Amino acid sequence: MVAMSSASGSALCFTDASSSPAIRRDLGSFCLPPSTITFGFVDKPIINLQRLRLSGLKPRAANATAVENGKQDSDEVPTPVVIVDQDSDPDATVVEVTFGDRLGALLDTMNALKNLGLNVVKANVYLDSSGKHNKFAITKADSGRKVEDPELLEAIRLTVINNLLEFHPESSSQLAMGAAFGVLPPTEQVDVDIATHIKIEDDGPDRSLLYIETADRPGLLVELVKMITDISVAVESGEFDTEGLLAKVKFHVSYRNKALIKPLQQVLANSLRYFLRRPSTNDSSF
Numbered sequence: 001m002v003a004m005s006s007a008s009g010s011a012l013c014f015t016d017a018s019s020s021p022a023i024r025r026d027l028g029s030f031c032l033p034p035s036t037i038t039f040g041f042v043d044k045p046i047i048n049l050q051r052l053r054l055s056g057l058k059p060r061a062a063n064a065t066a067v068e069n070g071k072q073d074s075d076e077v078p079t080p081v082v083i084v085d086q087d088s089d090p091d092a093t094v095v096e097v098t099f100g101d102r103l104g105a106l107l108d109t110m111n112a113l114k115n116l117g118l119n120v121v122k123a124n125v126y127l128d129s130s131g132k133h134n135k136f137a138i139t140k141a142d143s144g145r146k147v148e149d150p151e152l153l154e155a156i157r158l159t160v161i162n163n164l165l166e167f168h169p170e171s172s173s174q175l176a177m178g179a180a181f182g183v184l185p186p187t188e189q190v191d192v193d194i195a196t197h198i199k200i201e202d203d204g205p206d207r208s209l210l211y212i213e214t215a216d217r218p219g220l221l222v223e224l225v226k227m228i229t230d231i232s233v234a235v236e237s238g239e240f241d242t243e244g245l246l247a248k249v250k251f252h253v254s255y256r257n258k259a260l261i262k263p264l265q266q267v268l269a270n271s272l273r274y275f276l277r278r279p280s281t282n283d284s285s286f
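In this text, residue positions in the sequence shown follow full-length UniProt numbering: the first is 1, and each later residue adds one.
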């Protein structure tokens, strides 16, 4: 069990109350200054999270060619997938969008990304058994470098999803954000207690791999990075996948440039489970 305490404007403290005395001596209490974000080479305060949750997402009118009388096309609606990848290209952020075989050239999506101050430096399309994959390599227009700001990464994700909801309204039945911003809300709701899975494993001596699967919602990427850095764990790079109603995350993390020791892994996992528990209940998910 991880005990947490904080006061407005003060440090946030974590204590592994159930650990042995030896572990408590090793870990002590994590008491940290007001939150800063460390993602790659970026250190910045977390700001405007509430604005980011809703940024660019507005309820859309139904597209009559795709949705009639509140009913989707007769064909089975594929699962939309949006991947924000910081690992595969050292010089650019890679965004991949899949929605079966229904996607066109996504010119509107690329224009919307340019409105965020980004350049699409490379784009390609490939086909496999899961459908048509549209991949964009994106850099910041002012620096020509990959995106490292978690807020801007989340804005990219929401922009892509917003365009899916606008031009493919039938996708809203498969997206968590379709409940609030789409034409057709999802037919099933993901229970966060059931959906949340967390795994941490070593990835060499200098870093660990953190895997998270949880219910998707606007602002989730920023929230996760903030939760992790709140206990002084650095997020070096990673991949954030939106697969229908779920978010699937892989982060490379470290503590003082080293892989996370087992007690700290437990503190991080318990903290994430606490914050990702179902909002409508006071019961934790662990």
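Backbone N, C-alpha and C fix where the C-beta goes; we use that ideal spot for every residue, glycine too.
Small disclaimer: the values here were computed from a predicted structure and weren't measured.
Please name the residue, chosen from Ala180, Glu166 and Lys250, that lies closest to Ile212 on a Cα-to-Cα basis. For this step, residue 212 is matched to residue 212 along the sequence shown. Closest option to Ile212, Cα to Cα, is Lys250.
Grouping DSSP H, G and I as helix and E and B as strand, with all else coil, what is Lys146? One-based indexing of the sequence shown puts residue 146 at position 146. Lys146: coil per DSSP, three-state reduction.
Residue(s) in a DSSP beta bridge with Ala215: Position 215 of the sequence shown, counted from the start, is the residue given in the question as residue 215. Under DSSP, Ala215 forms a beta bridge with Leu246.
For Leu118 and Asp142, the rounded distance between their alpha carbons: The residue you call residue 142 lines up with position 142 of the sequence shown. The residue you call residue 118 lines up with position 118 of the sequence shown. Whole-angstrom Cα-Cα distance: 8 Å.
How should Phe41 be labelled, buried or exposed, when 16 other C-beta atoms within 10 angstroms of its C-beta is the threshold for buried? Position 41 of the sequence shown, counted from the start, is the residue given in the question as residue 41. Because Phe41 sits at a pLDDT of 41, beneath the cut-off of 50, its placement in the model cannot be relied upon, and the following sentence gives the value as read from the coordinates. The C-beta of Phe41 has fewer than 16 other C-beta atoms within 10 Å across all chains shown, which makes the residue exposed.
Kindly indicate the opening and closing residues of the alpha helix (DSSP H) around Tyr126. Counting from one through the sequence shown, the residue named residue 126 turns up at place 126. Premise fails: Tyr126 lies in the beta strand (DSSP E), Leu118 to Asp128, not in any alpha helix (DSSP H).
At the level of alpha carbons, what is the spacing between Asp87 and Leu268? Here residue 87 refers to the residue found at position 87 when the sequence shown is read from its first residue. Here residue 268 refers to the residue found at position 268 when the sequence shown is read from its first residue. Going by the C-alpha atoms only, they are around 22 Å apart.
Is the CB-CB distance between Thr109 and Val81 below 8 Å? Locating residue 109 in the sequence shown gives position 109, where the first residue counts as 1. Locating residue 81 in the sequence shown gives position 81, where the first residue counts as 1. Cβ atoms of Thr109 and Val81: not closer than 8 Å.
From Ala105 to Gly178, what distance separates their C-alpha atoms? Translated into the one-based positions of the sequence shown, residue 105 becomes position 105. Translated into the one-based positions of the sequence shown, residue 178 becomes position 178. So the two alpha carbons sit approximately 22 Å from each other.
Return the first residue and the last residue of the beta strand (DSSP E) that Ile200 is part of. Counting from 1 along the sequence shown, the entry for residue 200 is found at position 200. Counting along the chain, the beta strand (DSSP E) containing Ile200 begins and ends at His197 to Asp202.
Tell me the DSSP bridge mates of Leu210? Residue mapping note: residue 210 aligns to position 210 of the sequence shown, counting from 1. BP columns for Leu210 point to Ile200 and Phe251.
Leaving aside the five residues before and after Asn163 along the sequence, list all residues of the same chain whose C-beta is less than 8 Å from its C-beta, in chain order. Residue 163 sits at position 163 when you count from the first residue of the sequence shown. Cβ within range, chain order: Leu106, Asp108, Thr109 and Ala112.
Counted within 10 angstroms of its Cβ, other Cβ atoms place Gln189 as buried (16 or more) or exposed: On the sequence shown, position 189 is the one that residue 189 refers to. With fewer than 16 other Cβ atoms within 10 Å, it is exposed.
So, with DSSP's three-state summary, where would you put Glu239? Stepping through the sequence shown from its first residue, residue 239 is reached at position 239. Collapsing the DSSP output to three states places Glu239 in a strand.
Arg102 versus Val121, Val125 and Leu246, residue with shortest Cα-Cα distance: To locate residue 102, count along the sequence shown from 1; it is residue 102. Closest in alpha carbon position to Arg102, among Val121, Val125 and Leu246, is Val125.
Quick check: what's the CA-CA separation for Gly70 versus Glu170? Position 70 of the sequence shown, counted from the start, is the residue given in the question as residue 70. Position 170 of the sequence shown, counted from the start, is the residue given in the question as residue 170. In this predicted model, Gly70 has a pLDDT of only 43, less than 50, meaning its place in the structure is not dependable; the value taken from the coordinates is given anyway. In this structure, the CA atom of Gly70 is about 10 Å from the CA atom of Glu170.
In whole angstroms, what is the alpha-carbon distance linking Asp202 and Ala137? By one-based count along the sequence shown, residue 202 stands at place 202. By one-based count along the sequence shown, residue 137 stands at place 137. Cα-Cα distance, rounded: 29 Å.
Helix, strand or coil for Asp178? Go by DSSP, reduced to three states. Reading the sequence shown from its first residue, position 178 is the one you call residue 178. In the sequence under discussion, the amino acid at residue 178 is Gly, which differs from the Asp named in the question. DSSP places Gly178 in helix when its eight states are reduced to three.
My parser needs the beta strand (DSSP E) runs of 3 or more residues fully inside the region 84 to 122; what are they? The qualifying runs are 93 to 98.
Quick check: the Cα distance between Arg25 and Ala234, rounded to an integer number of angstroms? Here residue 25 corresponds to residue number 25 of the sequence shown, with the count starting at 1. Here residue 234 corresponds to residue number 234 of the sequence shown, with the count starting at 1. Confidence is the limiting factor: at Arg25 the pLDDT is only 42, short of 50, which leaves the residue's position unreliable, though a coordinate-based value still follows. When rounded, the separation of the alpha-carbon atoms in Arg25 and Ala234 is 22 Å.
Cut-off 8 Å between Cβ atoms - residues of its own chain near Asp89, not counting five sequence neighbours on either side: For this step, residue 89 is matched to residue 89 along the sequence shown. Excluding residues within five positions, the ones whose Cβ falls inside 8 Å are Ala137 and Lys146.
By the three-class DSSP mapping on this structure, what secondary structure does Val192 have? Looking up residue 192 in the sequence shown gives position 192. Note: Val192 maps to helix in three-state DSSP.
Rounded C-alpha distance that separates Leu175 from Ser232: Looking up residue 175 in the sequence shown gives position 175. Looking up residue 232 in the sequence shown gives position 232. Going from the Cα of Leu175 to the Cα of Ser232 covers about 32 Å.
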